[in-house]
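Chemist: Residue numbers (the working numbering): 2 to 359.
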Amino acid sequence: MLRAIDLALEGWGRVAPNPMVGAVVVRDGVIVGEGYHAEWGGPHAEVAALEAAGDKTKGATLYVTLEPCHHEGKTGPCTRVIAAAGVARVVFGAAEVNPMAAGGAAWLKDQGLEVECGVCEVEAKDLNAIHLGSIDRRRPFVALKYAMSIDGRLSETAGRPTQVTGAPAIAEAHRLRAGHDAVMVGIGTVLSDDPQLTVREGSAPRVPPVRVVLDSDLRISVDSRLVRTAMDVPVWVFGAEDAPPGRSSELGARGVVVARAPRTTTTGGLELGSVFAQLKERGIQSLLCEGGGTLGSGLLAARLVDRMYLIVAPKLFGPMGTPGFQMDRERALVDWRLIERRTLGADTLLALSPEATT
Numbered sequence: 002m003l004r005a006i007d008l009a010l011e012g013w014g015r016v017a018p019n020p021m022v023g024a025v026v027v028r029d030g031v032i033v034g035e036g037y038h039a040e041w042g043g044p045h046a047e048v049a050a051l052e053a054a055g056d057k058t059k060g061a062t063l064y065v066t067l068e069p070c071h072h073e074g075k076t077g078p079c080t081r082v083i084a085a086a087g088v089a090r091v092v093f094g095a096a097e098v099n100p101m102a103a104g105g106a107a108w109l110k111d112q113g114l115e116v117e118c119g120v121c122e123v124e125a126k127d128l129n130a131i132h133l134g135s136i137d138r139r140r141p142f143v144a145l146k147y148a149m150s151i152d153g154r155l156s157e158t159a160g161r162p163t164q165v166t167g168a169p170a171i172a173e174a175h176r177l178r179a180g181h182d183a184v185m186v187g188i189g190t191v192l193s194d195d196p197q198l199t200v201r202e203g204s205a206p207r208v209p210p211v212r213v214v215l216d217s218d219l220r221i222s223v224d225s226r227l228v229r230t231a232m233d234v235p236v237w238v239f240g241a242e243d244a245p246p247g248r249s250s251e252l253g254a255r256g257v258v259v260a261r262a263p264r265t266t267t268t269g270g271l272e273l274g275s276v277f278a279q280l281k282e283r284g285i286q287s288l289l290c291e292g293g294g295t296l297g298s299g300l301l302a303a304r305l306v307d308r309m310y311l312i313v314a315p316k317l318f319g320p321m322g323t324p325g326f327q328m329d330r331e332r333a334l335v336d337w338r339l340i341e342r343r344t345l346g347a348d349t350l351l352a353l354s355p356e357a358t359t
């Protein structure tokens with residue numbers, strides 16, 4: 002199953018809104034076929050693995066990360082392909098939650114196959130946390146990514162751009178962007194860093210992520226790299242309901258989509274619940290927030306973060322740097338579960354999930 006999970010990750014950025022799925026065919030204790038869902042609209046993992054196994058599927062065990070689908074979509078039901086191949090046993094990691102695709106396990110049992118669910122279930126659910134929560138979640142899945150020093154600073158000096166991490170970590174940041182429907186920053190990051198927020202390294206995503214800016218007063222410059230490239234990759238800017246109306250027309254003429262949200266009564270910033278509800282309505286299922294510290298801390302304080310990616314560099318920036326965590330202690334008291342720890346050159350990636358969501 003762990004091998005199937007590794008295979009599934011090959012579909013990162015290419016299969017959404019479908020889940021990432023990997024499959025392994027085993028007969029007499031030997032792997033005879035492997036496959037994964039490589040492209041939206043293309044063969045599912047089970048079909049690819051069974052085709053790779055050829056004539057060795059009869060009496061075999063199929064390991065698959067997600068319950069096989071039992072519906073007509075872009076492709077036919079995987080369950081019927083599995084039964085026709087003569088597979089004797091199906092083992093899957095996580096149950097399908099989409100009612101349109103669920104029911105595969107029950108149908109396979111009715112055909113006389115042995116079915117087992119829940120092998121490496123935590124890992125399988127972590128793999129497809131975006132998909133598995135999409136039915137009930139009224140907002141996008143929110144991931145927060147920080148590139149930070151070991152003393153928790155996002156820059157060496159507040160308001161000035163700093164290259165915190167090395168080349169492997171930067172490549173990983175681009176890979177993370179490719180796996181989400183949208184990338185979001187606050188206006189402070191735009192004004193200080195003038196980012197592009199596009200995927201320029203690694204494999205290109207099937208659909209480039211929408212670039213989202215939270216900008217209460219619509220201060221974003223028409224000369225920023227985001228606005229200058231809005232005709233090429235979508236840019237959505239959220240301003241407050243009382244932001245200057247003329248700015249909407251000015252930005253709109255350059256291809257920027259301007260949306261409005263109410264201000265909070267406490268800070269005067271945008272009401273995040275309204276922003277996320279609008280993003281969900283516009284088809285955004287997953288969102289990668291790249292900061293900065295004010296926005297990231299606001300998301301954490303509001304308990305809106307479903308995944309954290311902390312890329313930690315072996316550097317100390319000291320008190321002049323921008324702190325990544327700016328919320329008070331009471332709001333910070335959430336336990337996080339380590340999903341992955343990986344070295345990226347001299348830097349370290351920590352992928353975390355809040356315990357409450359597991």
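Glycine residues also receive a C-beta, built at the ideal position from the N, C-alpha and C atoms.
(1) What are the start and end residues of the beta strand (DSSP E) that includes V1?
(2) Are the CB atoms of L155 and A148 within a distance shorter than 9 Å?
(3) Measuring CB atoms only, is the segment 100 to 115 touching the segment 262 to 279, in the sense that at least three cross pairs come out at less than 8 Å?
(4) Which runs of the beta strand (DSSP E) spanning at least 3 residues fall entirely within the segment 129 to 198, listed in chain order?
(5) Since H38 and A46 are thought to touch, with beta carbons under 8 Å apart, how far apart are those beta carbons, to the nearest angstrom?
(6) Output needed for D7: all residues of its chain with C-beta closer than 8 Å, excluding positions within five of it in sequence on either side, in chain order.
(7) Quick one: grab the DSSP three-state call for L3.
(8) Using CA coordinates, which residue listed in V33, A231, V335 is at the minimum distance from G60?
(9) In the DSSP assignment, what residue or residues form a beta bridge with G23?
(10) Assuming contact is defined by CB atoms lying nearer than 9 Å, are F326 and G299 in contact in what I supplied?
(11) With a cut-off of 8 Å on the beta carbons, I'd call P18 and Q279 a contact; round off their distance for me.
(12) Could you please give the first and the last residue of the uninterrupted alpha helix (DSSP H) stretch that includes D111?
(13) What's the call for M321, buried or exposed, on a 16-neighbour Cβ count within 10 Å?
(14) Between the segment 67 to 77 and the segment 91 to 106, do three or more beta carbon pairs fall short of 8 Å?
(15) How should L10 be labelled, buried or exposed, when 16 other C-beta atoms within 10 angstroms of its C-beta is the threshold for buried?
(16) For the segment 310 to 319 against the segment 203 to 214, are there 3 or more C-beta pairs whose distance is under 8 Å?
(17) Can you give the Cα-Cα distance for T358 and S249, rounded to whole angstroms?
(18) On the CB-based measure, 16 or more other CB atoms within 10 Å of its CB, does E242 come out buried or exposed?
(19) With 16 other CB atoms within 10 Å as the buried threshold, where does E35 fall?
(20) Please state the DSSP three-state secondary structure of T266.
(21) Please classify L227: does DSSP put it in a helix, a strand, or coil?
(22) Can you check DSSP and say which residues form a bridge with E117?
(23) Considering only the alpha carbon of each residue, which of S135, S150, D216, A54 lies closest to K316?
(24) With a cut-off of 8 Å on the beta carbons, I'd call V257 and V236 a contact; round off their distance for me.
(25) Shortest alpha-carbon distance to A95 belongs to which of G74, D233, G119?
(26) Who are the Cβ neighbours of A53 in its own chain at under 7 Å, not counting the five residues just before and after it?
(27) Classify L219 as buried or exposed, calling it buried when 16 or more other Cβ atoms lie within 10 Å of its own Cβ.
(28) Determine, using beta carbons only, whether G167 and A347 come nearer to each other than 9 Å.
(29) Starting from the Cα of V214, find the closest Cα among C79, A260, E202 and give me that residue.
Modeler: From the atom records:
(1) Given a span of 2 to 359 for the chain in the structure shown, any question on residue 1 remains unanswerable.
(2) Between A148 and L155, the C-beta gap is smaller than 9 Å, which places the two residues in contact.
(3) Taking one beta carbon from each stretch, the segment 100 to 115 and the segment 262 to 279 have fewer than 3 pairs nearer than 8 Å; the two do not touch.
(4) Complete beta strand (DSSP E) runs here, min 3: 142 to 150, 183 to 187.
(5) Indeed, because the Cβ distance is near 5 Å, the residues count as touching under 8 Å.
(6) The answer, listed in chain order, is G23.
(7) In the structure shown, the three-state DSSP call for L3 is helix.
(8) It is V33 whose Cα lies nearest to the Cα of G60.
(9) Beta-bridge pairing by DSSP links G23 to Y37.
(10) Not closer than 9 Å, so no.
(11) For P18 against Q279, the beta-carbon gap comes to about 18 Å, at or over 8 Å, which does not count as contact.
(12) Unbroken alpha helix (DSSP H) run through D111: 105 to 111.
(13) So M321 ends up on the exposed side.
(14) Short answer: they touch.
(15) So L10 ends up on the exposed side.
(16) The segment 310 to 319 makes no contact with the segment 203 to 214; the number of CB pairs closer than 8 Å stays below 3.
(17) Residue confidence for T358 is low, a pLDDT of 43 falling below 50, so the modelled location carries little weight; the figure read from the coordinates is stated next. Taking the CA atoms as reference points, T358 sits about 38 Å from S249.
(18) Its Cβ having fewer than 16 others within 10 Å, E242 is exposed.
(19) By the 10 Å Cβ count, E35 comes out buried.
(20) DSSP, reduced to helix, strand and coil, places T266 outside both helices and strands of the structure shown, so it counts as coil.
(21) In the structure shown, L227 sits in a helix (DSSP, three-state: H, G or I).
(22) Partner(s): V92.
(23) Answer by Cα proximity: S150.
(24) Yes, V257 and V236 are in contact; Cβ-Cβ is about 5 Å, under 8 Å.
(25) Answer by Cα proximity: G119.
(26) Non-local beta-carbon contacts of A53 in its own chain, meaning distances under 7 Å to residues more than five positions away in sequence, involve G34, E35, G36 in chain order.
(27) With 16 or more Cβ atoms within 10 Å of its Cβ, L219 is classed as buried.
(28) Yes. Within cutoff.
(29) Checked all of C79, A260, E202; the closest Cα to V214 is A260.
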